[in-house]
Amino acid sequence: MRKRSLVALLAVGSAAFAQAQSNWPTRPITLVVPFAAGGPTDVVARTLGASMQKTLGQSILVENKLGAGGTIAAAYVAKAAPDGYTFFIHHNGMATSPALYRKLSFDPLNDFEFVSQAVEVPMTLLARKDFPANNFTELLAYLKANQDKVNLANAGLGAVSQLCGMMFQRAVGVQLTEVPFSGTAPAMNALLGGQVDLLCDQTTQTVPYINANRVKFFGVTTAKRIKVLPNAPTLAEQGLKDFEVVVWHGIYAPKGTPRPILEKVNAAVRTALKDPDVVKRMDDLGAEIVGENKLTPDSLHVWLKSEIDRWGPIIKAGGKFAD
Ligand code: MLT
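Under mature numbering (1 follows the signal peptide of the UniProt record, and there is no 0), the letters of the sequence shown match residues -20 to -1, 1 to 303, in that order.
This is the structure we're talking about:
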């Protein structure tokens, strides 16, 4: 008798669970952004979220969870309820953090469900407006003579601004003072205010400032020149051989989020990436919408693994770690 009522209870429970999945979403969905509001990751999240909520019929609320180069947000999402109401957008930091942090409380490959990649974004190397170098040649000469006086803003260990800055310092052969912020939105404010000297940051934030001539601009980090800043040389063509840092964004959910929900979110991402408003905004900011082959959960998992394998040895050779 007791056994039969347990079976009945389980049947009711699993019917309720199935119904919760088929009704999903019945309330707003949170999209966690690991950096400050107004910055490059936030811009991508809010642009996609505004479109996805039209498809899903519920609001997407962006929650900025700051700190430790994105690892605080990743750890939070890894432990969040897998009920389909928490999603996460992150970039290369998912792949670089395992090499940068001695102890990480989450496993990027095994503690998440994978939804899709979304956009790829070039980076730009900037200085404050009154920095005493007017072109890349002058910049290199100035840094070599004054490296102890120059600082470089970033968004912490795990941020792409830190990764780009690390690659740049290594390529040039200088060691600058790094100043971490909770995102590159506050780092950009400090650059505009003249409190920091240099910043490597994504076009999704920097294009308007470059076009308004509010910063000094020394080039892009892609292998080829980019459409949105057509006259800007690459760092590689100015002498930093093979220099290339491109930012890619992926969307994740806590491990155990039901597959039917992941499929609906994947479909909403695909729809958003074809939405003319999203396409225009991304185009204006230099971000490229990824091809069809990068829009599956499996392709994101394979890509993340390949990026962990790629960046691990490069970062470890730099010898800069956090606990
Ligand atoms: C941000 O959104 O603030 C940036 O993506 C941080 C970073 O440089 O990684």
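Glycine included, each C-beta is placed from N, C-alpha and C at the ideal position.
Item, Value
"Using 10 angstroms around the beta-carbon of L41, count the other beta-carbons present and answer buried if the total reaches 16, otherwise exposed.", "exposed"
"Measuring CB atoms only, is the region 44 to 63 touching the region 117 to 136, in the sense that at least three cross pairs come out at less than 8 Å?", "yes"
"Can you find the residues in the same chain that come closer than 6 Å, C-beta to C-beta, to G200, ignoring five residues on each side of it along the sequence?", "Reading off the sequence shown, one finds Val at residue 200, where the question assumed Gly. So the qualifying residues of the chain are P102, T104, I206, A212 and T214."
"Check residue 355 in the structure and name its three-state DSSP category.", "There is no way to answer for residue 355, as the model of the chain reaches only from -20 to 303."
"Within this structure, are the beta carbons of P14 and H70 separated by less than 8 Å?", "yes"
"What residues in its chain sit with their C-beta under 7 Å from that of V258, if we drop five residues either side in the sequence?", "T27, L28, S31 and A252"
"For the alpha helix (DSSP H) containing I52, list its first residue and its last residue.", "T51 to K59"
"Flag S141 as yes when its Cβ comes closer than 7 Å to any non-hydrogen atom of the ligand MLT, and as no otherwise.", "yes"
"Does DSSP put N134 in a helix, a strand or coil?", "strand"
"What do you get for E118, buried or exposed, if any count of 16 or more other CB atoms within 10 angstroms of its CB means buried?", "exposed"
"Which residue spans inside the region 136 to 201 form an unbroken beta strand (DSSP E) run of at least 3?", "157 to 160, 178 to 182 and 196 to 200"
"Return yes when the Cβ of V130 is within less than 8 Å of the Cβ of L172, no when it is not.", "no"
"Taking the beta carbon of E272 as the centre, do at least 16 other beta carbons fall within 10 Å, making it buried, or is it exposed?", "exposed"
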